[in-house]
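Student: My structure is below; once you've seen it, I'll send some questions.
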Amino acid sequence: MDEDGGERSRILREQGFRWQGVAEAAYKPEGTHFSGARRQTLVGAPAGQEAPAFETRYFEVDPGGYTSLERHQHAHVVIILRGHAEVILDRRVAAARPLDCIYIAPWTWHQLHATDPDEPLGFLCSVDRDRDHPERPDAEALDRLCADPAVARRIRT
Ligand code: MN
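With the working numbering applied, the sequence shown closes on residue 318, and no number is skipped along the way.
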């Protein structure tokens, strides 16, 4: 892997419950059996899904805590609900706050840090129901990631 997941991943910034780069659409393409409802598809196909092939989980991380540094074939969609985060996405570190939506592309090294000293980091995370197991970095992978000083400062193993 060439570790360009930081490029393929993206953070959708929220402002007033609208997400950057996401078009607001009709709730459904036709019909009058609804009213005053709109849709924003943050990540993924808007239609054609059968029974969910995903899970959406809520995680909470204590102030100063962090999730495991890992990568895997399956993607994540993370939506911050409380607290503040710094997120490692391969050789990139980004800050995120409540209602930011983070897409973590397949095979992207990732780790979430709870950076608010007074509040836990709480976030929703959606994943494939059937998914591969996370891979942990070896010394060589760590060396490559830590070539970026911001990543080197933040990373924990
Ligand atoms: Mn993961």
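C-beta: ideal position from N, C-alpha, C; glycine also.
For clarity, every value in this text was computed on a predicted model and none was experimentally measured.
Just curious, the alpha helix (DSSP H) that Glu301 is in, first and last residue?
Tutor: Residues 300–306.
Student: Ala311 by DSSP, collapsed to three states: which one?
Tutor: Three-state DSSP puts Ala311 in a helix.
Student: What distance in whole Å lies between the Cβ atoms of Val222 and Ala257, which are believed to be in contact at a cut-off of 8 Å?
Tutor: About 12 Å; that fails the 8 Å criterion.
Student: Quick check: what's the CA-CA separation for Arg243 versus Thr217?
Tutor: Roughly 16 Å separates the two Cα atoms.
Student: List the DSSP bridge partners of Val288.
Tutor: The partner list for Val288 (beta bridge, DSSP) reads Glu216.
Student: Could you tell me the boundaries of the beta strand (DSSP E) in which Glu247 lies?
Tutor: Residues 246–250.
Student: Taking the beta carbon of Ser170 as the centre, do at least 16 other beta carbons fall within 10 Å, making it buried, or is it exposed?
Tutor: Buried, since its Cβ has 16 or more Cβ neighbours within 10 Å.
Student: If you measure from the CB of Glu231, is any heavy atom of ligand 1 nearer than 6 Å?
Tutor: It does: the Cβ of Glu231 is within 6 Å (strictly closer) of some heavy atom of ligand 1.
Student: Are the region 239–254 and the region 276–287 touching, with three or more C-beta to C-beta distances below 8 Å?
Tutor: Taking 8 Å as the limit for Cβ pairs, the verdict is that the region 276–287 does touch the region 239–254.
Student: Under three-state DSSP, which class holds Arg179?
Tutor: Of the three classes helix, strand and coil, the one that applies to Arg179 here is strand, per DSSP.
Student: Which value, in whole angstroms, describes the spacing of the CA atoms of Ala299 and Ala313?
Tutor: According to the sequence shown, residue 299 is Asp rather than Ala. Rounded to whole angstroms, Asp299 to Ala313 spans 15 Å at the Cα level.
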